[in-house]
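Quick note: my numbering has the sequence shown finishing at residue 600, numbered continuously throughout. The block underneath contains the structure these notes are about, expressed in structure tokens.
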Amino acid sequence: MRARLLVLYSLVVIFPVFIIGIWVYSRSTALIEQESAALISNNLVNVSDNIDNMLRNIEYISLPLLLDENFQKKVSLLKHLDNTFSYADFEIQEELKHFIFNMSFSSPYITSVYVYNPYSDTMLLSAGNERVLSNESLHNLPWFSQYKLISEQGTRTEAKWFASQAAEKNEDNNKYILCYYKPLIDIKTGKIIGVAFININEAAISQLMGRMKLGKTGYSFLIDDEGIITSHMDKSLIGQKASDYYPYINSIIDEEGGGYYKHAINREKHVISYYTSPLYGWKYVAVIPSSELTSGSFLIRDFILIIYFLSFVLGILGAFLITRQFYQPMETLLSHMRYVENGNLSKLIQHKRSDEFGYAFDRFNEMITKLKTSIEEVFMHNLLKKEAQLKAIHSQINEHFLYNTLDCIYWMSRVYKVDDISHLVSSLSKYFRLNLSSGNDIVKISEVVELIGYYLDIQKIRYKNKLSVDIQVDDSIRHCRVLKYLFQPIVENAVYHGIEKKKGNGYINICFNKVGNRIRFQVTDNGAGIPNQKLEKIMKCLEKDDLPTGDNFALQNINSQMRIFYDNDYSINISSIEGEGTTVTLEIPILDEMEMKQSV
Numbered sequence: 001m002r003a004r005l006l007v008l009y010s011l012v013v014i015f016p017v018f019i020i021g022i023w024v025y026s027r028s029t030a031l032i033e034q035e036s037a038a039l040i041s042n043n044l045v046n047v048s049d050n051i052d053n054m055l056r057n058i059e060y061i062s063l064p065l066l067l068d069e070n071f072q073k074k075v076s077l078l079k080h081l082d083n084t085f086s087y088a089d090f091e092i093q094e095e096l097k098h099f100i101f102n103m104s105f106s107s108p109y110i111t112s113v114y115v116y117n118p119y120s121d122t123m124l125l126s127a128g129n130e131r132v133l134s135n136e137s138l139h140n141l142p143w144f145s146q147y148k149l150i151s152e153q154g155t156r157t158e159a160k161w162f163a164s165q166a167a168e169k170n171e172d173n174n175k176y177i178l179c180y181y182k183p184l185i186d187i188k189t190g191k192i193i194g195v196a197f198i199n200i201n202e203a204a205i206s207q208l209m210g211r212m213k214l215g216k217t218g219y220s221f222l223i224d225d226e227g228i229i230t231s232h233m234d235k236s237l238i239g240q241k242a243s244d245y246y247p248y249i250n251s252i253i254d255e256e257g258g259g260y261y262k263h264a265i266n267r268e269k270h271v272i273s274y275y276t277s278p279l280y281g282w283k284y285v286a287v288i289p290s291s292e293l294t295s296g297s298f299l300i301r302d303f304i305l306i307i308y309f310l311s312f313v314l315g316i317l318g319a320f321l322i323t324r325q326f327y328q329p330m331e332t333l334l335s336h337m338r339y340v341e342n343g344n345l346s347k348l349i350q351h352k353r354s355d356e357f358g359y360a361f362d363r364f365n366e367m368i369t370k371l372k373t374s375i376e377e378v379f380m381h382n383l384l385k386k387e388a389q390l391k392a393i394h395s396q397i398n399e400h401f402l403y404n405t406l407d408c409i410y411w412m413s414r415v416y417k418v419d420d421i422s423h424l425v426s427s428l429s430k431y432f433r434l435n436l437s438s439g440n441d442i443v444k445i446s447e448v449v450e451l452i453g454y455y456l457d458i459q460k461i462r463y464k465n466k467l468s469v470d471i472q473v474d475d476s477i478r479h480c481r482v483l484k485y486l487f488q489p490i491v492e493n494a495v496y497h498g499i500e501k502k503k504g505n506g507y508i509n510i511c512f513n514k515v516g517n518r519i520r521f522q523v524t525d526n527g528a529g530i531p532n533q534k535l536e537k538i539m540k541c542l543e544k545d546d547l548p549t550g551d552n553f554a555l556q557n558i559n560s561q562m563r564i565f566y567d568n569d570y571s572i573n574i575s576s577i578e579g580e581g582t583t584v585t586l587e588i589p590i591l592d593e594m595e596m597k598q599s600v
């Protein structure tokens, strides 16, 4: 029992802590992941704004120069160096180079500026010692092929940013660049007279994106509106189609705005955050493993494990103490129940508890006390019953002899005409016949009245004219059944202790009345009465549960019979004035046949 209580309490305490811990950990992990992803998305927005501002500033810087009428005129006159190259051509090239050289220094992000005349297939550059690229060098520029592609697509009039590999020879070994392609349109004719290429170092973009905290293995990259990687930690991927390396990009390539979603990469869950630039339509993408994103939850996990361990230890300890608190008083109760089982009713539980167990102990002690009292009462009742049965058996031995003898005396008194003796013998014979016949202890009130009448007839003959009797019976209770031997002893006491000690005539009044659902039997005499001190002694004896002894045997016997038969639902009262008389009153409940059988 104790082990089961210990296990049950431990489960009740520890299991909810375990479930709550798992829920808190999973919930906190999800919240941390959500908040971290939202933070990365916000960082992408900031990075996008910074890069957009940088690129837009470069575009704004180039506008005044590219729209300059003198600059456009000189671009249209740009020629390759050849045998016919004149000093005037040299001056044009120097002026143009001065223009684009100043432009390249207008922003720290610009690495080089190229101006191209498509009609003469001539390229002027701002960096290096060469003024003009040869046709061979021009067509070998990696980003120049992008221009050719743009030209073939018929979008030459639109400005565009694209990523490419730089010409290492002429751009200070900046291997990867972001190139701004800007057609030069004659402000007078509206015709394209040339193209400007403004190159910035991709490292500037990468540096801004690298400011985001993406854990140990997280990374970010930038793709343009056509899905081409523009910036990446792995420089070899710049200029490549993003979907070829990151298939999951296809799910967001057409998405606007930003957000994040989860995706398994190499069987490991990753959180992919993205944001679309509203200015250029480029997508900023950050990829980070969920395990790194939620690394802060490991502290929560460890804390929960510590709490769980402490809860486990405290739960076991608490379970032990609580089960001990419960089991110890239960063991005490069980041990005393074993005493009762073995017949020991004197062993009461000694305690000082005021809780529920204390209440149970008190009720147990009370139950044992009542059980002990009931057993003693049943024993006494059986003892009295056996005594009465022995007396009845003893009387029945000589019953026929007594009846025959009394009958003989009766007829002899009739022959010799002695009427007093004849009447006495007749009453005595009837009295014995009613008292001894059938052996029933439960009789009707009418039979009790008849028995008392025969007894008083005998006493009247004995006391001659000294005794007068009045018996009153409520007809509604004549059929009620009562104990046969409750009433005559009280009448006997009235005769022997009252009338016999009185000088002069004596009077006894006997009443059987119905009071509510109870029977009241009252005997009043005008005899010698009882002294107050003796009356108090008698009443104290009646309050005790001792066996009947001594002078008050009759009253104690009556009291014991009523207590056993009526289960304390009775009353007995004695009032007396010394020299004037005594009144004895009994009140008992009216019982039906079923209740009579149960009481017997």
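Even for Gly, the Cβ is constructed at its ideal location relative to N, Cα and C.
Classification of residue i by the beta-carbon crowding that lies within 10 angstroms, buried from 16 upward
i	result
Ser62	buried
Phe487	buried
Ser220	buried
Lys540	exposed
Asp567	exposed
Pro183	buried
Leu67	exposed
Leu555	buried
Met337	exposed
Closest residue to residue i among the options (Cα-Cα distance)
i	options	result
Glu268	Ile253, Ile249, Asp567, Ile288	Ile288
Met380	Thr583, Gln561, Ile187	Gln561
Val449	Lys464, Ile510, Glu492	Ile510
Thr111	Thr583, Tyr180, Tyr60	Tyr180
Phe565	Ile574, Phe162, Ile590	Ile590
Val285	Ser231, Asp474, Gly315	Ser231
Leu334	Val515, Gly21, Ala360	Ala360
Tyr280	Glu255, Asp224, Ile306	Asp224
Pro118	Ser41, Asn344, Ala196, Lys372	Ala196
Ser36	Lys213, Tyr60, Gly190	Lys213
Ala494	Tyr485, Gly506, Lys484, Leu483	Gly506
Residues that DSSP places opposite residue i in a beta bridge
i	result
Gly210	The partner list for Gly210 (beta bridge, DSSP) is empty, contrary to what the question assumes.
Ala286	Ser220, Ser273
Arg520	Asn513, Glu587
Cys179	Phe162, Asn199
Arg481	Lys444
His263	His270
Gly506	Leu467
Gly581	Ile577
Leu184	Gly194
His336	Partner(s): none; His336 has no beta bridge.
Val473	Phe512
His232	Phe221
Lys241	Ile228
Asp457	DSSP output for Asp457 lists no bridge partner at all.
Proximity below 7 Å, CB of residue i to CB of residue j
i	j	result
Ile198	Ile192	no
Ile445	Ile477	yes
Ala242	Ile252	no
Gly529	Ile458	no
Asn559	Ile572	yes
Ser48	Ser206	no
Lys514	Asp474	yes
Ser311	Val45	no
Leu345	Lys372	yes
Ser41	Gly227	no
Asp679	Thr585	With the chain covering only 1 through 600, there is no way to say anything about residue 679.
Val469	Ile442	no
Gly210	Ala163	no
Ile375	Asn365	no
Close Cβ partners of residue i (< 8 Å) along its chain, the five nearest in sequence each way excluded
i	result
Lys262	Lys269, His270, Val271, Ile272, Ser290
Tyr109	Met54, Ile58, Ile200, Asn201, Ala204
Ile452	Ile471, Phe487, Gln488, Val491, Ile510
Contact set for residue i: own chain, Cβ-Cβ below 6 Å, skip 5 residues either direction
i	result
Lys460	Leu467
Tyr570	Met562, Ile588
Val113	Ile100, Met103, Ser104, Ser126, Ile198
Arg520	Asn513, Glu587
Lys160	Tyr181
Gly21	Ile304, Tyr308
Cutoff 7 Å; reference residue i; Cβ partners in own chain excluding five residues on either side
i	result
Glu292	Gly215, Lys216, Thr217, Gly218
Gly358	His351
Tyr245	Leu237
Ile393	With a pLDDT of 48 at Ile393, under the threshold of 50, the predicted position of this residue should be treated as unreliable, and no value is reported.
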